[in-house]
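Since the structure comes first, as structure tokens, the remarks are kept for the end.
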Amino acid sequence: MDYQGKNVLVVGGSSGIGNGVARAFLDRGARVCVWGTRHSAAAYAGEDGSDLSGLDYACVDVSDFDAVAGAAAPFERLDVLVQCQGTVIYGRGEFAMEGFEKVVAVNLGSVMACATRFHDDLAASQGSLIILSSNAAYRTTLGNPAYNASKAGLLGLTRSLAQAWVSDGIRVNGVAPGLVDTKLTKVTVEHPDRLKWALSMIPARRLGTPADIAGAVLFLASPHAAYVIGQTITVDGGASL
Ligand SMILES: NC(=O)c1ccc[n+]([C@@H]2O[C@H](COP(=O)([O-])OP(=O)(O)OC[C@H]3O[C@@H](n4cnc5c(N)ncnc54)[C@H](OP(=O)(O)O)[C@@H]3O)[C@@H](O)[C@H]2O)c1
709 MDYQGKNVLV
719 VGGSSGIGNG
729 VARAFLDRGA
739 RVCVWGTRHS
749 AAAYAGEDGS
759 DLSGLDYACV
769 DVSDFDAVAG
779 AAAPFERLDV
789 LVQCQGTVIY
799 GRGEFAMEGF
809 EKVVAVNLGS
819 VMACATRFHD
829 DLAASQGSLI
839 ILSSNAAYRT
849 TLGNPAYNAS
859 KAGLLGLTRS
869 LAQAWVSDGI
879 RVNGVAPGLV
889 DTKLTKVTVE
899 HPDRLKWALS
909 MIPARRLGTP
919 ADIAGAVLFL
929 ASPHAAYVIG
939 QTITVDGGAS
949 L
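Numbered according to this note's numbering, the sequence shown spans residues 709 to 949.
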């Protein structure tokens, strides 16, 4: 798992799982750029789950597909693109079309937009694209139809892009995390009853960490996974069992 000399872009790498993924590549010698929504890296200073030290940063709102299409390449050569962007709306906001479309745009549409933007770069490097879905893709998520539909959609997008682009030399795979303590999941992990229930459903009896998820991403991007095409690996402490 030596990534020296490799260039990695982590979309949604400014916090949570994506930040853990970015730091895992950085620790193994890669040069890493992360994308997030704030105007500068300094705007994340002191935020729990956001350590941007040593990382390059660019602000790109990925729900703006034109902005994605016109975004500057972070490096002359791109070896790995990891897509960790994600959002959710609570309080039944995803049952209104405005909320539904917003979540689907970030969680599904933007993944296609970023993949398309960097297709030629990844083909040139014979690189790897890794898409973050969720173990929620395989079941229901109470109150979040857009989150669920978008994450289920990513399973199909991962398979379809993998099949279409393998002949271009791009390997496409995915990771489906279980519950990880990030700003996306505060509504569960900071609520004692919900957390207790969630833990009771996880055979490993603990939440996942960004490092747990990064392990699978590092594997999928590596030569160890040279013959793994179009798969989404579930990393959830056994919750989906
Ligand atoms: N945490 C879990 O339990 C869990 C479980 C299964 C799957 N996942 C998936 O894992 C991925 C990472 O989520 P997380 O839990 O680490 O949540 P997070 O800490 O909230 O990270 C989400 C990332 O997406 C970025 N993002 C959101 N909207 C964006 C937009 N319009 N344009 C650009 N970037 C945008 C955020 O940028 P800012 O930092 O600027 O807000 C942040 O970097 C998501 O795809 C999520 O669905 C998470």
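Glycine included, C-beta positions come from ideal geometry on N, C-alpha and C. These numbers come from a predicted model, not from an experiment.
CB of residue i within 9 Å of CB of residue j, strictly
i, j, result
"D787", "V716", "yes"
"V936", "R879", "yes"
"G836", "R785", "What sits at residue 836 in the sequence shown is Ser, not Gly. No, they are not a contact pair."
"G861", "V812", "yes"
"L869", "A929", "no"
"G886", "N852", "no"
"S841", "G882", "yes"
"V888", "G916", "yes"
"A933", "G877", "no"
"A749", "S722", "yes"
"T940", "A845", "yes"
Buried/exposed call for residue i, threshold 16 Cβ in 10 Å
i, result
"K894", "exposed"
"E898", "exposed"
"Y798", "exposed"
"G720", "buried"
"D774", "exposed"
"G744", "buried"
"R739", "buried"
"Q791", "buried"
Beta bridge counterpart(s) of residue i as assigned by DSSP
i, result
"S948", "DSSP output for S948 lists no bridge partner at all."
"V788", "V716 and S836"
"A884", "T942"
Residue i versus the options, residue with shortest Cα-Cα distance
i, options, result
"T795", "G807, E806 and N815", "N815"
"P782", "H932, V768 and D772", "V768"
"L850", "T896, I921, I725 and R731", "T896"
"K714", "C741, G726, L892 and R746", "C741"
"R746", "P900, Y765 and V729", "Y765"
Beta strand (DSSP E) runs wholly inside the region 795-849, at least 3 long, in chain order: 836-840
Can you list, in chain order, the stretches of the alpha helix (DSSP H) that have 4 or more residues and sit fully within the region 904-936? 918-929
Counting only runs of 3+ residues fully inside the region 736-772, write out the beta strand (DSSP E) ranges in chain order. You should have 739-744 and 764-767.
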